[in-house]
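Residues in the sequence shown are numbered from 1 upward in steps of one, following the numbering used here. Ideal Cβ positions, reconstructed from N, Cα and C, are used throughout, including at glycine.
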Amino acid sequence: MPLSRRRLLTSAGIGAAGIGLGAGGYLVGHNDADAAETEGTERVAFDGEHQAGISTPVPNRLHFASFDLETESRDELREMLEKWTVAAREMTEGKMIGDYAGNHTELAPPEDTGEAFELPASNLTITFGFGPSIFDRPGLGLSSQKPAALKPLPPLPGDELNALESDGDICVQACADDPQVVFHAIRNLARIGRGTVTMRWSQLGFGRTSTTSREETTPRNLFGMKDGTANIKAEDQKAMDEYVWVDEGPDWMEGGSYLVSRRIRMVLEVWDRSSLQDQEETIGRSKYSGAPLGEENEFDPLPLEEKGLDGKPVIPANAHVRLASAQENGGIRILRRGYSFTDGVDQSLGELEAGLFFIAFQKDPEKQFVALQEKLGVHDALNEYIHHVGSALFAVPAGTKPGGYVAESLFS
Ligand code: HEM
Numbered sequence: 001m002p003l004s005r006r007r008l009l010t011s012a013g014i015g016a017a018g019i020g021l022g023a024g025g026y027l028v029g030h031n032d033a034d035a036a037e038t039e040g041t042e043r044v045a046f047d048g049e050h051q052a053g054i055s056t057p058v059p060n061r062l063h064f065a066s067f068d069l070e071t072e073s074r075d076e077l078r079e080m081l082e083k084w085t086v087a088a089r090e091m092t093e094g095k096m097i098g099d100y101a102g103n104h105t106e107l108a109p110p111e112d113t114g115e116a117f118e119l120p121a122s123n124l125t126i127t128f129g130f131g132p133s134i135f136d137r138p139g140l141g142l143s144s145q146k147p148a149a150l151k152p153l154p155p156l157p158g159d160e161l162n163a164l165e166s167d168g169d170i171c172v173q174a175c176a177d178d179p180q181v182v183f184h185a186i187r188n189l190a191r192i193g194r195g196t197v198t199m200r201w202s203q204l205g206f207g208r209t210s211t212t213s214r215e216e217t218t219p220r221n222l223f224g225m226k227d228g229t230a231n232i233k234a235e236d237q238k239a240m241d242e243y244v245w246v247d248e249g250p251d252w253m254e255g256g257s258y259l260v261s262r263r264i265r266m267v268l269e270v271w272d273r274s275s276l277q278d279q280e281e282t283i284g285r286s287k288y289s290g291a292p293l294g295e296e297n298e299f300d301p302l303p304l305e306e307k308g309l310d311g312k313p314v315i316p317a318n319a320h321v322r323l324a325s326a327q328e329n330g331g332i333r334i335l336r337r338g339y340s341f342t343d344g345v346d347q348s349l350g351e352l353e354a355g356l357f358f359i360a361f362q363k364d365p366e367k368q369f370v371a372l373q374e375k376l377g378v379h380d381a382l383n384e385y386i387h388h389v390g391s392a393l394f395a396v397p398a399g400t401k402p403g404g405y406v407a408e409s410l411f412s
């Protein structure tokens, strides 16, 4: 039986049913109190109508990985997805992976790598998706199941993409409150998939840059601006149905969504030398309150028609929020769920290699993300401070039933 990570040691010496000492010297076993221990706000259900990690509240840590498939065998792919689902369910419940007791011989590597041992579930969500390329592999026989909306993103204005940080056959997004928990999730899924998939690229994120729930306070991005204010919130079921959840296309995608990721470098040193007025006019919001320029409060509507004494719009014509707002886009909206990152130093500039790992969920990438970026990439004042260096698109299937596995109906 899988063990609760946190429960494992605290159960020692209390004589709980089923506790014993394995050959490797670890405590093994299970008792019903394990389940109760991690219940509460720190655990997000893995199974459900939709995969967790889209509309569920955004915790502060991300590990995102993109994998390439190394097999042309449909059965091998399906078997890996079955194993991944079992492991993901265990990890999101705060348990160790696998039949820990049965596996505990000193002669074999432990089934779980162990670094999340004693850590609680930490709101871990694990979300799986499939890139366009996986449907084009003749051996898998999946081409008839490829959704029309899963077309590779076209070249977009402002693209400076690095192929090594882009695309992939399968993605796994792990989000949690604890960086070790998300690392553990990706590491163990990669281990289980060894031989079937290889990791193409991965990204750690250290702070959320959006909210998906009215319960969450708006975080700040690396430009020091509140980010996520006008995002779609899960409580707005109508908006979720209209813009996020897929309701047509192959059966396996109904209730799913399309994930676009963009690794966006933010040129912090140039931003930091810009005046407060420039910074606020670039975004179209006040830096500290997050209110739209010309307004008092964060959640006030954008005064898009208002002009200042000089006759110019209070929110400039090229301000990010004006260009990105549904009011000026024929109604386009997306669900943003990105994270700040930093990966050492950009040696060519001698400055932090840092930015936004942008993640957006939507019903139709071409009509939503692509249409938005075609406009932003040309006109956005923010372009002076950012570079899009990585890009990927994945179809994220609907959620799993208890006992089922990810994308089951794709294989049945
Ligand atoms: C590093 C790059 C980016 C930064 C720093 C950034 C920052 C911000 C900030 C501070 C806001 C205002 C607060 C809010 O409503 O969330 C905002 C809004 C928004 N951004 Fe971005 N953003 C970036 C890239 C993008 C991209 C690539 C897209 C889509 C293609 C996008 C789409 C939006 C949308 C739809 C809004 C809401 C506009 C509204 O309705 O008011 N952003 N962004």
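Inter-residue spacing [alpha-carbon to alpha-carbon] between T85 and G284:
Indexing the sequence shown from 1 puts residue 85 at position 85. Indexing the sequence shown from 1 puts residue 284 at position 284. Rounded to whole angstroms, T85 to G284 spans 43 Å at the Cα level.
Contact test: I264 Cβ vs ligand 1 heavy atom, cutoff 8 Å
For the purposes of this step, residue 264 is taken as the residue at position 264 of the sequence shown. Yes; taking the cut-off as 8 Å, the Cβ of I264 has a heavy atom of ligand 1 nearer than that.
Which residue or residues does DSSP assign as beta-bridge partners of Q173?
Position 173 of the sequence shown, counted from the start, is the residue given in the question as residue 173. Note: Q173 sits in a beta bridge opposite F64 and T127.
Please state whether DSSP places P313 in a helix, a strand or coil.
Taking the first residue of the sequence shown as 1, we reach residue 313 at position 313. P313 falls in the strand class under three-state DSSP.
Using the Cα positions of G69 and V314, report the straight-line distance between them to the nearest angstrom.
In the sequence shown, the residue the question calls residue 69 occupies position 69. In the sequence shown, the residue the question calls residue 314 occupies position 314. The sequence given here has Leu at residue 69, not Gly. Counting only the Cα atoms, V314 lies some 50 Å from L69.
Assigned secondary structure, F358 (DSSP; H/G/I helix, E/B strand, else coil):
Locating residue 358 in the sequence shown gives position 358, counting from the first residue. In the structure shown, F358 sits in a strand (DSSP, three-state: E or B).
Cross-strand partners of Q203 (DSSP beta bridge):
The sequence position of residue 203 within the sequence shown is 203, counting from 1. Q203 pairs with F64.
Whole runs of the alpha helix (DSSP H) within the stretch 274 to 316, excluding any shorter than 4 residues:
List check, alpha helix (DSSP H) in window: 276 to 283.
Does the separation of the CB atoms of D167 and L349 fall below 9 Å?
Walking along the sequence shown from the start, residue 167 turns up at place 167. Walking along the sequence shown from the start, residue 349 turns up at place 349. Not in contact: D167 and L349 (Cβ atoms no closer than 9 Å).
Cβ-Cβ distance between Q203 and S261 below 9 Å
By 1-based counting over the sequence shown, the position of residue 203 is 203. By 1-based counting over the sequence shown, the position of residue 261 is 261. Cβ distance < 9 Å, so Q203 and S261 count as in contact.
Residues that DSSP places opposite R194 in a beta bridge:
As a working note, residue 194 is residue 194 in the sequence shown. For R194, which the question treats as bridged, DSSP gives the partners V197.
Should T71 be listed as close to ligand 2, given that the test is whether its C-beta is under 8 Å from any heavy atom?
Ligand 2 is not part of the structure shown, which contains ligand 1 as its ligands.
Given the structure, does S289 come close to ligand 1, in the sense that its CB is under 8 Å from one of the ligand's heavy atoms?
Position 289 of the sequence shown, counting from 1, holds the residue named residue 289. Every heavy atom of ligand 1 is 8 Å or more from the Cβ of S289, so no.
Taking 8 Å as the cut-off, is the C-beta of L372 nearer than that to any heavy atom in ligand 1?
Within the sequence shown, numbered from 1, the residue matching residue 372 stands at position 372. Checking the 8 Å criterion, the Cβ of L372 is within range of a heavy atom belonging to ligand 1.
Check H379 in the structure and name its three-state DSSP category.
As a first step, residue 379 is located in the sequence shown; it is residue number 379 there, counting from the start. Secondary structure of H379 (DSSP, three-state): helix.
Assigned secondary structure, T342 (DSSP; H/G/I helix, E/B strand, else coil)
Residue numbering aside, residue 342 sits at position 342 when the sequence shown is read from its first letter. Strand.
V321: CB within 8 Å of a non-hydrogen atom of ligand 1
Stepping through the sequence shown from its first residue, residue 321 is reached at position 321. For V321, the CB falls within less than 8 Å of some heavy atom of ligand 1.
Using the three-state DSSP reduction, which class does D272 fall into: helix, strand or coil?
Numbered from its first residue, the sequence shown carries residue 272 at position 272. DSSP, reduced to helix, strand and coil, places D272 within a helical segment of the structure shown.
Would you be able to state if there are at least three C-beta pairs under 8 Å between the stretch 138 to 156 and the stretch 365 to 372?
The stretch 365 to 372 is in contact with the stretch 138 to 156.
So does A324 have its beta carbon nearer than 8 Å to some heavy atom of ligand 1?
Start at 1 with the first residue of the sequence shown, and residue 324 comes out as number 324. Checking the Cβ of A324 against ligand 1 gives yes.
Alpha-carbon spacing of V267 relative to E160, whole angstroms:
Sequence index remark: in the sequence shown, residue 267 carries index 267 (1-based). Sequence index remark: in the sequence shown, residue 160 carries index 160 (1-based). Going by the C-alpha atoms only, they are around 14 Å apart.
On the DSSP letters alone, give me the boundaries of the beta strand (DSSP E) that L259 sits inside.
Position 259 of the sequence shown holds residue 259. L259 -> beta strand (DSSP E) spans S257 to M266.
Put F46 into one of helix, strand or coil per three-state DSSP.
Along the sequence shown, one-based indexing puts residue 46 at 46. Secondary structure at F46: coil, using DSSP grouped into helix, strand and coil.
Say yes only if the C-beta of M225 is nearer than 8 Å to one or more non-hydrogen atoms of ligand 1, and no if none qualify.
In the sequence shown, counting from the first residue as 1, residue 225 sits at position 225. Taking 8 Å as the cut-off, one finds at least one heavy atom of ligand 1 near enough to the beta carbon of M225.
Using the C-alpha atoms, what's the distance from I97 back to H30?
Position 30 of the sequence shown holds residue 30. Position 97 of the sequence shown holds residue 97. Low per-residue confidence applies at H30: pLDDT is 30, beneath 50, and the placement is therefore not dependable enough to give any value.
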